[in-house]
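Residues 83 to 682 in our numbering are what the first sequence spells out, letter by letter.
All residues carry an ideal CB built from backbone N, CA and C; glycine is no exception.
On a predicted model such as this, the values are computed, not experimentally measured, just so you know.
Structure, as structure tokens:
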Amino acid sequence: MSVIHKMEEQGIPVVHSTYAKLLRRCSEMRDLVEGKQVYSHMVQRGLQPNIFIGNVLLDMFVNSSASVEDAREVFDNKLVEKDVVSWSTMITGYAKHGHGKEAFELFCCMLQQEGVKPNTITYMSVLKACSIIIPNGLECGEHVHAHIIESGFEPDVRVWTSLISMYTRCGRTLEWGREVHAHIVNSRLKWDVCVGTALISMYAKCGASEDAFKVYRELQQEGVGLNRVTYICILKACANLTALAEGRQLNLNIIEAGLGADIWIQNALIDMYAKCGSFVDARKVFDTMAQRDVVSWTVMIDALSQHGCGEEALELFGQMKEEGVQPDAITFIGVLSACSHAGLVNEGLGYFSSMFQDHGIMPTSTHYGCMVDLLGRAGRLREAEECIKKMPNEANPSIWAALLGACRVYCNVKLAESAATHWLKLEPKNAAVYVLLSHVYAAAGMWDSIVEIRKLMEERGVQKEPGRCWIEVEGKMHTFVADDRTHLQVEQIYAELETLSVQMKEAGYVPDTRFVVHDLDEQQKERAVCYHSEKLAIAYGIISTAPGTQIRIFKNLRICSDCHTATKFISKITGREIVARDGNRFHHFNNGECSCGEYW
DNA sequence: ATAGGGTTAG
83 MSVIHKMEEQ GIPVVHSTYA KLLRRCSEMR DLVEGKQVYS HMVQRGLQPN
133 IFIGNVLLDM FVNSSASVED AREVFDNKLV EKDVVSWSTM ITGYAKHGHG
183 KEAFELFCCM LQQEGVKPNT ITYMSVLKAC SIIIPNGLEC GEHVHAHIIE
233 SGFEPDVRVW TSLISMYTRC GRTLEWGREV HAHIVNSRLK WDVCVGTALI
283 SMYAKCGASE DAFKVYRELQ QEGVGLNRVT YICILKACAN LTALAEGRQL
333 NLNIIEAGLG ADIWIQNALI DMYAKCGSFV DARKVFDTMA QRDVVSWTVM
383 IDALSQHGCG EEALELFGQM KEEGVQPDAI TFIGVLSACS HAGLVNEGLG
433 YFSSMFQDHG IMPTSTHYGC MVDLLGRAGR LREAEECIKK MPNEANPSIW
483 AALLGACRVY CNVKLAESAA THWLKLEPKN AAVYVLLSHV YAAAGMWDSI
533 VEIRKLMEER GVQKEPGRCW IEVEGKMHTF VADDRTHLQV EQIYAELETL
583 SVQMKEAGYV PDTRFVVHDL DEQQKERAVC YHSEKLAIAY GIISTAPGTQ
633 IRIFKNLRIC SDCHTATKFI SKITGREIVA RDGNRFHHFN NGECSCGEYW
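Next comes the structure, spelled out in structure tokens:
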């Protein structure tokens, strides 16, 4: 306002463009009070706000006012005319305030208007809005996509980026992503770093990490400059693949690109190293960080917890609080699962109650799931059941999974059946339910029930994912399934297993055939477990690396209990440290023992 | 003038 007064004192005419500039500045400074004064001054002077000024005013309200309703009031009553910019601004406004549905509805309303057509920016805005709509954002997003196609609008690379991101956030699967990918490759659209990163992110999130790397290499070949966001996404893909050699290379590229000190990058590096089984590298990154935020601590706590160092994880949590970093809801998931993995039941109960009491964080279903897991693993099944009953919200699948997992360890058929029934109500096609329940039946020798489960799976078309193991040797990934004979060195691998098996028996190994789901005699059962993918991968690791080298294997599912026992013996016999990452956590086998302390 | 890609859990 002082500018206006000064101009008036000096007799300089204050015109439309002056007001526009001032409003623009208020919008940038988020100074709603000043902006309102400038606007009313203009109206008092009898100047009609033109379309440009109206849009700036609207933008200011969107960015500066507490309520989106204030902006809507400007949109409805203060604009002489509405053009595509006004509509887009209002759509963005709703999205910025978290009202995705209203943004989408306004977009639909815009389509009914004569003389206004959405442009690239409108589509970007509304697609972003769709991705925050719960629960049917995907439907809305598809609606927008369909409209783009029907209207003959040629999406440019930015609209493609928004489409990919919307589909990723709304959980649409792979096939569509591959189509877009192909479209971008085949069309004359030029790759740019954002669309490439969006694709990498999408592939990484739906588990197609090899494809994420394909895009990454395409970008490199095209000479597109990669930035911090790209590296963050590709590191996630790398972590999914547990590709340590690849990860180290990425780390070098990151340093070369001058991004080594970026906190987001460092957080992603810690996570990548931890998930690739190299705890030492993860710790190195963490220790050398100049600054650590809540994510850095959370990732590190979780890494410790996953590697079976529950006490150290809790110690780190204490240090985090001492340094004044506030834990969030996700930190507590790490803390609670650290207690769970380490069997620290009372500590876990303490942290659970301190969550709300000391930090004001409301426990979600996931936190309750951790508690069920904690109690269940410790064999306190009744309390685990009580915990589920006490939950304020409906139990989700992961809670029933925790309970059923515990029932498996403690062979509680009755409770297992009840947990499975609840879980199946929510996820009738999840193979894990059937598998876990079969294990419980197998341990109890209830073969008829297993037959029934198999029948049920067949009727419902449920297929269980085959167990697979990976091992990286000299930067190359080798995959095994049970009884695999496809590997080039198959003879040496089986010969090595033969030798090991003799040594193991001498050392007192007894095969653990409790969970073999076929009604066989003991000898047949033993044969069924002796060529599991875990054992093949380990045998290959032993024959293809120097004595004393650490062996790291990865499994898609939970490690089998016999393989767990056998690996303990193998680590002692061969003097090797063996690190196994399964679908759930890490196991460090050393000198006949495992870091998981039999909790898994 | 309105504007794209993002780390941590299960």
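In this structure, the CA atom of His569 is about 22 Å from the CA atom of Val661. In this structure, the straight-line span from the alpha carbon of Leu579 to that of Leu396 is close to 39 Å. DSSP places Trp552 in the strand class (E or B) of the three-state scheme. In this structure, the alpha-carbon of Tyr313 lies about 28 Å from that of Leu639.
DSSP lists no bridge partner for Ile535. Residue Trp482 holds the alpha-carbon nearest to the alpha-carbon of Leu463 among Trp482, His179, Ser447.
By the 16-neighbour rule on beta-carbons within 10 angstroms, Trp529 is exposed. Every alpha helix (DSSP H) stretch that sits fully inside the segment 106-177 and reaches 4 residues is listed by chain position as 114-126, 133-146, 150-159. DSSP places Thr324 outside any beta strand (DSSP E), giving it a letter other than H or E.
Glu236 sits in coil when the DSSP states are folded into three classes, being neither helix nor strand. Per DSSP, the unbroken alpha helix (DSSP H) holding Phe361 starts and ends at 361-369. Segment contact: the segment 386-403 against the segment 418-434, three or more CB-CB distances shorter than 8 Å; contact assigned.
Burial check for Thr250: the Cβ neighbour count within 10 Å reaches 16 or more, so the residue is buried. Put simply, of Cys276, Ser378, Glu680, Trp505 the residue whose alpha carbon is nearest the alpha carbon of Ala460 is Glu680.
In its chain, beyond the 5 residues on either side, Asp238, Arg240, Val241 have a beta carbon closer than 7 Å to the beta carbon of Thr202. Excluding residues up to 5 positions away in sequence, Ser291 lie with their Cβ nearer than 6 Å to the Cβ of Asn322 in the same chain. Cβ contact annotation for Thr446 (same chain, cutoff 7 Å, sequence separation greater than five): Ala411, in chain order. Within the segment 564-624, complete alpha helix (DSSP H) segments of at least 4 residues are found at 572-588, 604-612, given in chain order. Sorting Asn673, Leu245, Met89, Leu418 by C-alpha distance to the C-alpha of Met284 places Leu245 at the top. Between Cys421 and Leu456, the alpha-carbon positions lie close to 7 Å from each other. In the three-state reduction of the DSSP assignment, Glu196 falls in the coil class, being assigned neither a helical nor a strand state. In the three-state reduction of the DSSP assignment, Glu547 falls in the coil class.
Per DSSP, the beta-bridge partners of Arg663 are Phe636, Phe668.
When DSSP states are grouped into helix, strand and coil, Glu680 belongs to the coil group. When secondary structure is reduced to three states using DSSP, Lys272 falls in the coil class, being assigned neither helix nor strand. The Cβ neighbour count for Arg299, taken over all protein chains shown within 10 Å, is under 16; the residue is labelled exposed. Counted as a single uninterrupted DSSP element, the alpha helix (DSSP H) harbouring Ser643 occupies residues 643-656.
Here Thr649 is buried: its Cβ has 16 or more other Cβ atoms, across all protein chains shown, within 10 Å. Apart from the 5 residues on each side of it in sequence, Gly623 sits with its Cβ closer than 6 Å to the Cβ of Ile553, Ile633 in its chain, given in chain order. When Val563, Ala514, Asn494 are compared, the shortest CA-CA separation from Val544 is found for Ala514. Per DSSP, the unbroken alpha helix (DSSP H) holding Asn428 starts and ends at 427-441. In the DSSP assignment, Val297 falls within the unbroken alpha helix (DSSP H) covering 291-304. Burial state of Gly527 is exposed, judged by a 10 Å Cβ sphere holding fewer than 16 other Cβ atoms.
Around the Cβ of His600, a 10 Å sphere holds fewer than 16 other Cβ atoms; the residue is exposed.
With respect to the 9 Å criterion, Val522 and Asn494 are classified as neighbours on the basis of their beta carbons. Membership of His423 in the alpha helix (DSSP H) is indicated by the continuous run 411-424.
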